[in-house]
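One structure is given here, and the rest of the page talks about it.
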Amino acid sequence: MQVIPVDLYEDLENLDPQTKKVIVKLIKYIGEIVRRDDFLELKEEVNKLTKIIAELAEAQRRTEQKFAELAEAQRRTEEELCKLILEHRKTREQLGNLVHTFGYFLENEAYKHLPKLLQKDFGLEIERRLLRDYIEIAPNKYEEINIYGKGTIRGKPIIILGEVKSQLKKSDIDNFLKKVEKLQKILPEDKILILVTHQTSPQIKNYAQSKGLKIYFSYEFA
9 MQVIPVDLYE DLENLDPQTK KVIVKLIKYI GEIVRRDDFL ELKEEVNKLT
59 KIIAELAEAQ RRTEQKFAEL AEAQRRTEEE LCKLILEHRK TREQLGNLVH
109 TFGYFLENEA YKHLPKLLQK DFGLEIERRL LRDYIEIAPN KYEEINIYGK
159 GTIRGKPIII LGEVKSQLKK SDIDNFLKKV EKLQKILPED KILILVTHQT
209 SPQIKNYAQS KGLKIYFSYE FA
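Plus 8 on top of the position in the sequence shown (first one is 1) and you've got the working numbering.
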């Protein structure tokens, strides 16, 4: 038999008889379907489910916090990477400036010391001082030459053409020879072709010699 709680019974007494009758029937019907133990068991399951949901919510909160921390760490990493790239660019620019500065210094040393070396090695007498120049090969088209000068060997006119590179590579030699070829029609005289460098490999040195080029190293200017 279904027992109606006292407080609920008191509330029912305040209702009109017809309504009270319907509600009592409904309570009895529910009582037949779901026992009190079922309610207690359901409440316990609901409590378990509520706890699980709370744990999941906390886990999600911690995961979101972790993602936020990772996003912040990534942002800081990207900032540091940008700084490193900027510093690397500055370093490369500074290094490039140093290379150019050394290249110009090497050129200036070559202009001062080459006349004596060329006289010793070739018997060349300089008539037009060595300098960097632009030679016109076509209307308004010029070819830049690091070392350009004129001289004579036993009275025979000679053109001096040269390239200055702090570290001589094969591509430097090939590019220089292409320049010489372009200048052939403008400067048909016999030539002494020279390369001035601070350092290069034995293979490059042999390659230059095989092309008829004379290499002078910076230590020879001491």
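Built from N, CA and C at the ideal position, the CB exists for glycine as well.
In terms of Cβ geometry, Pro165 and Glu197 form a close pair [threshold 8 Å]. DSSP places Asn183 in the uninterrupted alpha helix (DSSP H) bounded by Lys178 to Leu191. Between Gly159 and Ile134 the beta-carbon gap is near 5 Å, inside 8 Å, which marks them as a contact. In this chain, Asn154 is not harboured by any alpha helix (DSSP H); it is covered by the beta strand (DSSP E) spanning Lys149 to Ile161. Rounded to whole angstroms, Lys219 and Leu201 show a C-alpha spacing of 10 Å.
In this structure Leu203 does not touch Glu152 by the C-beta definition: roughly 16 Å separates them, more than the 8 Å allowed.
Each of Asn148, Ile161, Ser179 and Phe184 was checked against the Cα of Ile155, and the nearest Cα belongs to Phe184. Of Gln73, Asn55 and Tyr112, the smallest CA-CA separation from His206 is found for Tyr112. Of the candidates Leu191, Phe75, Leu176 and Leu169, the residue whose Cα lies closest to the Cα of Lys149 is Leu191. Under DSSP, Leu201 takes part in a beta bridge, and its partners are Leu169.
Membership of Lys213 in the alpha helix (DSSP H) is indicated by the continuous run Pro210 to Ser218.
In this structure, the alpha-carbon of Asn55 lies about 28 Å from that of Lys74. Here Phe229 is near His121, since their CB atoms are less than 8 Å apart. The C-alpha of Lys128 is placed about 26 Å away from the C-alpha of Lys187. A direct Cα-Cα distance of roughly 34 Å separates Ile93 from Asn116. Residue state for Ala146 is assigned as strand, using DSSP reduced to three classes. A Cβ-Cβ separation of about 5 Å places Leu138 in contact with Tyr119 under the 8 Å criterion.
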